[in-house]
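Sequences listed follow chains W and A, in order. Position 262 of the first sequence, counting from 1, maps to 276 under this note's numbering, and the rest follow consecutively. Position 126 of the second sequence, counting from 1, maps to 140 under this note's numbering, and the rest follow consecutively. Don't be surprised by glycine CBs; every beta carbon is placed ideally from N, CA and C. Here's the structure, in C-alpha cells; my notes come after.
Protein chains: 2
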Amino acid sequence: MTGHQTGNAIVGQAGGPTAVINQSLVGIIEEVQKYPHIGRLLGARHGVRGIIREQFFDLRRQPTNMLELVAKTPAAALGATRDKPDKEYCERIFEVFKKLDVRYFFYIGGNDSAQTAHIVAGIADDAKYDLRVMHVPKTIDNDLLVTDHCPGYGSAAKFVACAFIGDDLDNRALQGVKINVLMGRNAGFLTAASILARQRPDDGPHLVYLPERSFALDQFVTDVEAVYDRLGRCVVAISEGIRDEHGVPWAEKVQVMRKEAAVERDDFGNVQLSAGAGSLADYLVGSLRNRCKSIRRVRADTYGYLQRSYHGCYSEVDAWEARLVGQMAVGYSLDAEQEGSVALVRLPGTTYAVGTRLVGLKEVAPDEPPKTKVLPDKYISEKNNNVLNNFREYVGPLVGDLPKVGWFEQTAQI
Amino acid sequence: MTGHQTGNAIVGQAGGPTAVINQSLVGIIEEVQKYPHIGRLLGARHGVRGIIREQFFDLRRQPTNMLELVAKTPAAALGATRDKPDKEYCERIFEVFKKLDVRYFFYIGGNDSAQTAHIVAGIADDAKYDLRVMHVPKTIDNDLLVTDHCPGYGSAAKFVACAFIGDDLDNRALQGVKINVLMGRNAGFLTAASILARQRPDDGPHLVYLPERSFALDQFVTDVEAVYDRLGRCVVAISEGIRDEHGVPWAEKVQVMRKEAAVERDDFGNVQLSAGAGSLADYLVGSLRNRCKSIRRVRADTYGYLQRSYHGCYSEVDAWEARLVGQMAVGYSLDAEQEGSVALVRLPGTTYAVGTRLVGLKEVAPDEPPKTKVLPDKYISEKNNNVLNNFREYVGPLVGDLPKVGWFEQTAQI
Chain W
15 MTGHQTGNAI VGQAGGPTAV INQSLVGIIE EVQKYPHIGR LLGARHGVRG
65 IIREQFFDLR RQPTNMLELV AKTPAAALGA TRDKPDKEYC ERIFEVFKKL
115 DVRYFFYIGG NDSAQTAHIV AGIADDAKYD LRVMHVPKTI DNDLLVTDHC
165 PGYGSAAKFV ACAFIGDDLD NRALQGVKIN VLMGRNAGFL TAASILARQR
215 PDDGPHLVYL PERSFALDQF VTDVEAVYDR LGRCVVAISE GIRDEHGVPW
265 AEKVQVMRKE AAVERDDFGN VQLSAGAGSL ADYLVGSLRN RCKSIRRVRA
315 DTYGYLQRSY HGCYSEVDAW EARLVGQMAV GYSLDAEQEG SVALVRLPGT
365 TYAVGTRLVG LKEVAPDEPP KTKVLPDKYI SEKNNNVLNN FREYVGPLVG
415 DLPKVGWFEQ TAQI
Chain A
15 MTGHQTGNAI VGQAGGPTAV INQSLVGIIE EVQKYPHIGR LLGARHGVRG
65 IIREQFFDLR RQPTNMLELV AKTPAAALGA TRDKPDKEYC ERIFEVFKKL
115 DVRYFFYIGG NDSAQTAHIV AGIADDAKYD LRVMHVPKTI DNDLLVTDHC
165 PGYGSAAKFV ACAFIGDDLD NRALQGVKIN VLMGRNAGFL TAASILARQR
215 PDDGPHLVYL PERSFALDQF VTDVEAVYDR LGRCVVAISE GIRDEHGVPW
265 AEKVQVMRKE AAVERDDFGN VQLSAGAGSL ADYLVGSLRN RCKSIRRVRA
315 DTYGYLQRSY HGCYSEVDAW EARLVGQMAV GYSLDAEQEG SVALVRLPGT
365 TYAVGTRLVG LKEVAPDEPP KTKVLPDKYI SEKNNNVLNN FREYVGPLVG
415 DLPKVGWFEQ TAQI
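The structure is reproduced here in C-alpha cells:
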C-alpha cells in the first residue's frame, strides 16, 4: 500500500475510437466517485492535446443518466488524438499536472498511449512528484502485448461477423466472387474474426488472407478459382495490411502503380489517384476479372470505419470488460504501483471468465520489437489462405451470440 | 370475384436482396397455407432462372420455426437473379407453368420483375390460361412508382442512419473530413436517409449530394471548405450515382480517367484499374487533398453491399410491411384481377399507418419514362447540397427508433 494520495485526476482517450471505449471512461468516472480524496475529475478534450491546451470536461458534474448513455455510445466522448508526444510534449503535460495538482492520470488507448503514460510517469518520478499513471487498454486491432485480448476488439469482431453473415447470404443469392477488405495493418485478428460467420459447411468466408503471411497474386487467383469451381461462388476476407514476399504492403504497391500510371489532367488539375484500402479492393477485383474470364461477377467492399464506429452493434462481453478495466484502473491507482496498465487475464476452465491484473507499462509498450502482437501461427492454415476453426475458441466468447440464419432444405420433386 | 382457381403456385425473388425480402416470401407462404385449392407452393431457385430450369424448393414442407427464422434473415432465401427475361424467355416460363399446372405466380422484386410478370401474364391471357400474376415490391432504392415506399428501403435507411451516427461521432473524436458514398444510381432516397443521424445542430452529415442534382467538383470543394471552416470538421453523404452537368455519372468519369491513365505492367499483366464506387470515393479524397491544403485529414468509405445485407439491422416497420405485402398478394390473387402489384398507401392522419391496394403492373413498370421515382424536389436544399428536414416526416416512420447518443456538456473551469 502506497496510500491514498490526495489530489485531482485527469482522464483522456487516444487513438482510433471503438464501440466501447466510452465504457472504460464511464468505468473510471463512476469508480472515482467512491473516493473523496480524489478531488476533481477532468476529462481531457482530445487526449494529451486537451491537457496542454487545458481544455477539459468536468466529469464529476455529468448526470448519471447521461453517463450511462455515453457508455453505450461508440467513438470517444472526450474526443481523441493521434498526437504521439515526445519528451518535451510530456514535460508540458507534467507542467499542467503540477499546476492543477493532478495526482492521477488515466489514459485510455493503445501502445502509443502506454508509451506516453510511461514518459510522463518517468518525469514525475524524477521530480519526486507522486503521480499515479494508469493505462487502460483499447484497440479494435487486438494487438496489445500481455493482455489476453483488448477491449474494443470483441465489438469490432462482432460487426465483422454480422457483416460476413449477411455478405455470404447475399453471395448465395446472386452468385459470384465477393472480396471484403478489413482493418488490420499488422495484425490479422479482426480479419480472422470473419470466420465466426460460418454456420454451414459451405458458408463463407471461404478464403482469409492475413498480414501475418505474404500474399501472392498468383496464389490468390488460383485459390479463388478452386473455390469458385467447387461452389459456384466465393467469399474472401482480406486484411488491408497484406504484404508481398518482400514485406511491402499491397496497398502501397497499388498506390505506386497508380501514381506511375497517373497522367496530368487539364480540367481538374492533377488527378490524385489516392490509394487507400478501397483501391486495394478495386485492384484485386480488376486482377480477378482480368485473369479469370470464367468468373462473371466479381465485387468488393472495404468495410472501413464502420468496423469501429457503427452505432447499433457491440458485444455485451466486450462492453462489460471495457467497463471493468476502467474501474480496475482506479482501484490499482490507489493501492499499488506508481504506474501500470490493466491487462485482461482469461481464467482457466471450460466456461469463459476473465480477471484483471496490473502490468508494467514497459511490458505493454516495450522499447524493442515486437511492440505489438500478431495472430499466432496455430490459427493460420498451412496454405496461408485461411483461419482454422480453433480460433473460434479464442474469439467466440469475446463476441457472444450472433444473429441466427434461416434457410430452406426441402427441394421439390417435379 | 373471379373465383378461386385450383392449381399450383410458384414464388420467386429477383434483383438485389434486402434485409426483409424474406419477410414477403414468408408472408406468401403462410397465407397460401390457408387456401387448400392452391396445391403445391414451389419456390423458384434464383428467380425466373429456377423456373425454366425447374429447380424448386417445396415451400409447403418447410417447418414453421424455420420459416420464422428465414423471415428474419437478410438476402434472398430462394436465391435471386439478374436475368431480365425477353418474350422468348417468358414463353419458356409459361411452358413450365402449363406443365406444372401453375395458376398463381408471385414475383418479389423491383420494376424489372414487374415487367417480367406483366409479359408472362400477357402470354397466359393470349392462351386463355387462367394465371394470377402478382408482383410484390422490394428495393432498397425506394424508386418504384405508385407505392408510397418500398419494402426493403426502411431497413437499408436504418443501416445508413446508424452508420452515420457512428461516423459523425468518430469524426468528432478525430476531426477532419469524412466522405461516405452510398448506394443509389438514380434515386437519392437512401442517401437522403443519412440525415436521420442528426440530433444536435452540428451533427453530420453536413452535406448531402444526390443523383437528382448535378455535381460539380468546384462547388463540392467550396461547400466542404465552408463547413470545415465553421466546425473544424465535415461529414459528407454522397450518392454513388452523382452526375456531372451533362448527366454523365462521376463514377464513369473516374473510370475513364483511370483507364486513360493506365499503363501496361509486366509483372502482373495488365493493371486493371477497375472503378466502382470505391474509386469515386478515392477520387474525391484525392481532389480535396489536392485543393484544400488546410484540411489535414480526409477519409472516405463506400458503404457498399452492407447497406442491403448486414445481418443485425432492420426496421421493425419495414419487416412488418414486407410481410404484409406478401400476405396481401395472396389475398389479391384470389379475388381480384388477373395481374397486379401490391402498393403501400400511407393513410392520412397524424400517426403513421399504412394500407395496401392492388395496382396495375403497367403502373409500376410503364413502357415510357419515367419508369422509376426520384427524390422529390421539396426535400432538396436550394443549393443542391443538402436534404431538408421535412424529409424526416417521410422517412422517419419507415425507419423507427434509432440508437441514442450520449455526450458531455459541462466543461471545466480551470
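Partner residues on chain A for residue i, Cβ-Cβ distance less than 8 Å
| i | result |
| --- | --- |
| Val419/W | Leu83, Thr87, His325 |
| Met197/W | Within chain A, no residue comes near Met197/W; the closest Cβ sits about 11 Å away, beyond 8 Å. |
| Leu114/W | Ile428 |
Residue i: first and last residue of the uninterrupted alpha helix (DSSP H) it sits in
| i | result |
| --- | --- |
| Asn125/A | 125 to 140 |
| Arg63/W | 62 to 66 |
| Ala207/W | It is not in any alpha helix (DSSP H) - Ala207/W carries neither H nor E in the DSSP assignment. |
| Val150/W | Counting along the chain, Val150/W falls outside any alpha helix (DSSP H), though it belongs to the beta strand (DSSP E) covering 146 to 151. |
| Ile42/W | 35 to 46 |
| Gln321/A | 320 to 323 |
| Thr78/A | 78 to 85 |
| Thr364/W | From DSSP, Thr364/W is part of no alpha helix (DSSP H); its letter is neither H nor E. |
| Gly340/A | 330 to 349 |
Residue i burial status per 10 Å Cβ neighbour count (16 or more: buried)
| i | result |
| --- | --- |
| Val285/A | Caution is warranted here: a pLDDT of 44 is assigned to Val285/A, below 50, making its placement in the model unreliable, and the coordinate value is therefore given only provisionally. Classification for Val285/A: buried. |
| Asn79/W | exposed |
| Val413/A | buried |
| Arg244/A | exposed |
| Leu219/W | A small correction: the amino acid at residue 219/W is Pro; Leu does not occupy that position in the sequence shown. So Pro219/W counts as buried. |
| Tyr408/W | buried |
| Thr20/A | exposed |
| Leu287/W | Caution applies to Leu287/W, whose pLDDT of 44 falls short of 50 and renders its modelled position unreliable; the model cannot decide the point. |
| Asp315/W | buried |
| Ala289/W | Bear in mind that the predicted position of Ala289/W carries a pLDDT of just 46, short of 50, making it too unreliable to give a figure here. |
| Ile394/A | buried |
| Arg279/W | Its pLDDT being 40, under 50, Arg279/W is placed unreliably by the model, and the measurement read from it follows with that caveat. Classification of Arg279/W: exposed, given that the 10 Å Cβ count is below 16. |
| Lys48/A | exposed |
| Gln321/W | buried |
| Thr364/W | exposed |
Bounding residues of the beta strand (DSSP E) (the contiguous stretch that carries residue i)
| i | result |
| --- | --- |
| Ile107/A | Element bounds for Ile107/A: not the beta strand (DSSP E) but the alpha helix (DSSP H), 101 to 113. |
| Met197/W | Premise fails: Met197/W is in no beta strand (DSSP E) and is neither H nor E. |
| Leu188/A | Neither: Leu188/A is in no beta strand (DSSP E) and is coded neither H nor E. |
| Asp72/A | 70 to 72 |
| Tyr242/A | Looking at the DSSP string, Tyr242/A is not in any beta strand (DSSP E); the run it does join, the alpha helix (DSSP H), is 231 to 245. |
| Leu221/W | 221 to 223 |
Within chain A, partners of residue i - CB distance below 7 Å
| i | result |
| --- | --- |
| Gln424/W | Phe71, Asp72, Arg75, Gln76 |
Chain-ordered chain W contacts of residue i [CB-CB under 9 Å]
| i | result |
| --- | --- |
| Arg96/A | Leu188, Arg311 |
| Met342/A | Ordered by position in chain W, no residue passes the 9 Å Cβ test against Met342/A, which lies about 22 Å from the chain. |
| Ala23/A | By Cβ distance, chain W contributes nothing, its closest Cβ being about 12 Å from Ala23/A, past 9 Å. |
| Cys176/A | Tyr324, His325, Gly326, Cys327 |
| Ala90/A | Leu183, Asp184, Arg186, Ala187, Leu188 |
| Gly168/A | Per Cβ cutoff of 9 Å: no residues; Gly168/A is ~15 Å from chain W at best. |
Chain-ordered chain W contacts of residue i [CB-CB under 8 Å]
| i | result |
| --- | --- |
| Glu68/A | Ile428 |
| Pro31/A | Leu183, Asp184, Ala187, Leu188 |
| Gly246/A | By Cβ distance, chain W contributes nothing, its closest Cβ being about 11 Å from Gly246/A, past 8 Å. |
Contacts that residue i makes with chain W (C-beta to C-beta distance below 7 Å)
| i | result |
| --- | --- |
| Gly318/A | Asp315 |
| Pro99/A | What Pro99/A touches in chain W: nothing, since even the nearest Cβ is about 16 Å away. |
| Gly57/A | Phe422 |
| Gly93/A | Arg186, Ala187 |
| Ile179/A | His325 |
Where residue i meets chain C, residues with beta-carbon distance less than 9 Å
| i | result |
| --- | --- |
| Pro263/W | Protein chains W and A are contained in the structure displayed, whereas chain C is not. |
Presumed contact (8 Å Cβ cut-off) between residue i and residue j, rounded CB distance
| i | j | result |
| --- | --- | --- |
| Leu224/A | Val250/A | That belief does not hold up - the Cβ atoms of Leu224/A and Val250/A are roughly 12 Å apart, past 8 Å. |
| Leu358/W | Asp97/W | Their Cβ separation, rounded to whole angstroms, is 26 Å, which puts Leu358/W and Asp97/W out of contact at 8 Å. |
| Ser169/W | Gly29/W | Not a contact, Cβ separation roughly 15 Å. |
| Tyr118/A | Thr130/A | That belief does not hold up - the Cβ atoms of Tyr118/A and Thr130/A are roughly 15 Å apart, past 8 Å. |
| Ala426/W | Leu56/A | 5 Å |
Checklist entry - Does the region 413 to 425 of chain A come within contact of the region 80 to 94 of chain W, defined as at least 3 CB pairs closer than 8 Å? => result yes
Next on the checklist: Assess contact between the region 24 to 33 of chain A and the region 312 to 332 of chain A, defined as three or more Cβ pairs (one per stretch) separated by less than 8 Å. Is contact present?
Outcome noted: yes
Checklist entry - Is there contact here, the region 231 to 247 of chain A with the region 199 to 210 of chain A, by at least three beta-carbon pairs under 8 Å? => result no
Next on the checklist: Below 8 Å, how does it come out for the region 146 to 164 of chain W and the region 297 to 309 of chain W: are there three or more Cβ pairs, yes or no?
Outcome noted: no
Checklist entry - Can you find at least 3 beta carbon pairs, one from the region 103 to 112 of chain W and one from the region 338 to 350 of chain W, that sit closer than 8 Å? => result no
Item to check | the region 95 to 111 of chain W in contact with the region 130 to 137 of chain W per 3-pair CB rule at 8 Å | outcome: yes
Item to check | Cβ contact check for the region 342 to 354 of chain W and the region 367 to 377 of chain W: 3 or more pairs under 8 Å | outcome: yes
Checklist entry - Is it a yes or a no for the region 191 to 210 of chain A touching the region 169 to 176 of chain A, going by three-plus beta-carbon pairs under 8 Å? => result yes
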